[in-house]
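S.K.: Would you mind keeping the following structure in view while I ask a few things?
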Amino acid sequence: MLTARPRLTNGTGYLVALGWQLGIAATAFLAGTILQGLVVLNYPTYSPTRWQGTLIVCAVVLFSVVFNISLARWLPIVEGVLLVIYFIGFFIINHTIVGVGSSRQRSRCVYWLLEYRWLGHNGRGGDGGLLRADQLNVWIRLRCAHG
Numbered sequence: 165m166l167t168a169r170p171r172l173t174n175g176t177g178y179l180v181a182l183g184w185q186l187g188i189a190a191t192a193f194l195a196g197t198i199l200q201g202l203v204v205l206n207y208p209t210y211s212p213t214r215w216q217g218t219l220i221v222c223a224v225v226l227f228s229v230v231f232n233i234s235l236a237r238w239l240p241i242v243e244g245v246l247l248v249i250y251f252i253g254f255f256i257i258n259h260t261i262v263g264v265g266s267s268r269q270r271s272r273c274v275y276w277l278l279e280y281r282w283l284g285h286n287g288r289g290g291d292g293g294l295l296r297a298d299q300l301n302v303w304i305r306l307r308c309a310h311g
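Note that the numbering used here numbers the sequence shown so that position 138 is 302, with each residue one more than the last.
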């Protein structure tokens, strides 16, 4: 008796494997593009080419694979350190934006945010969702920094 279960199981397995491969490729491409962009910013005479970008992406993938295979016992420590760096950086960036930004327009911006983001443009209802707290905080700072 043939059932659809093996076909669905195989299809699910192929989709999961394809998703992992695409996730690794996309992350490596993003990291390689960021690295190449940093080089372009710091060295004005550097002219990026496509083969160099591909080489950087391959290096990022190779580093990730070697790190995850040979240094697997260090992963929790590295993740904890990166989490601490993320939180410290979040507060440093927010405090810098608050310190540099002007305080003249804050009340106007809060009322604008209340009217247009939470109550909707017509004041009768919201626009379907709220931003995360960190996105909202940065959004207010950028929107209200210079009036």
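Yeah, the Cβ is synthetic: ideal placement off N, Cα and C, and Gly gets one too.
1) Following the continuous alpha helix (DSSP H) through Thr197, name the residue where it begins and the one where it ends.
2) Assign Ala190 to one of two classes, buried (16 or more other C-beta atoms within 10 Å of its C-beta) or exposed (fewer than that).
3) Please state whether DSSP places Thr218 in a helix, a strand or coil.
4) Determine the direct distance from the alpha carbon of Val225 to that of Leu179, and round the result to whole angstroms.
5) Determine the burial state of Gly177: buried for a count of at least 16 other Cβ atoms within 10 Å of its Cβ, exposed for fewer.
6) I want to know whether the region 212–219 touches the region 190–201 - three or more CB-CB distances under 8 angstroms.
7) Do Tyr210 and Val203 have their CB atoms nearer than 7 angstroms?
8) Return the chain-ordered list of same chain residues with a C-beta closer than 8 angstroms to the C-beta of Ile188, the five sequence neighbours on each side being excluded.
9) Decide if Ala192 is buried, meaning its Cβ has at least 16 other Cβ atoms within 10 Å, or exposed.
10) Measure the C-alpha to C-alpha separation of Tyr250 and Leu172 and round it to an integer number of angstroms.
M.R.: So, from the data block:
1) Stepping through the sequence shown from its first residue, residue 197 is reached at position 33. Where Thr197 is concerned, the enclosing alpha helix (DSSP H) stretches over Arg169 to Asn206.
2) Looking up residue 190 in the sequence shown gives position 26. Classification of Ala190: exposed, given that the 10 Å Cβ count is below 16.
3) For the purposes of this step, residue 218 is taken as the residue at position 54 of the sequence shown. Note: Thr218 maps to helix in three-state DSSP.
4) Your numbering for residue 179 matches position 15 in the sequence shown. Your numbering for residue 225 matches position 61 in the sequence shown. Approximately 21 angstroms, taken between the alpha carbons.
5) Position 13 of the sequence shown, counted from the first residue, corresponds to residue 177. By the neighbour-count rule (16 or more Cβ atoms within 10 Å), Gly177 is not buried but exposed.
6) yes
7) Walking along the sequence shown from the start, residue 210 turns up at place 46. Walking along the sequence shown from the start, residue 203 turns up at place 39. Against a cut-off of 7 angstroms, the Cβ pair of Val203 and Tyr210 comes out as a contact.
8) If you number the sequence shown from 1, residue 188 lands on position 24. Correct list, in chain order: Val225 and Ser228.
9) As a position in the sequence shown, residue 192 is number 28, starting the count at 1. Classification of Ala192: buried, given that the 10 Å Cβ count is 16 or more.
10) Residue numbering aside, residue 250 sits at position 86 when the sequence shown is read from its first letter. Residue numbering aside, residue 172 sits at position 8 when the sequence shown is read from its first letter. Distance between the alpha carbons of Tyr250 and Leu172: 40 angstroms.
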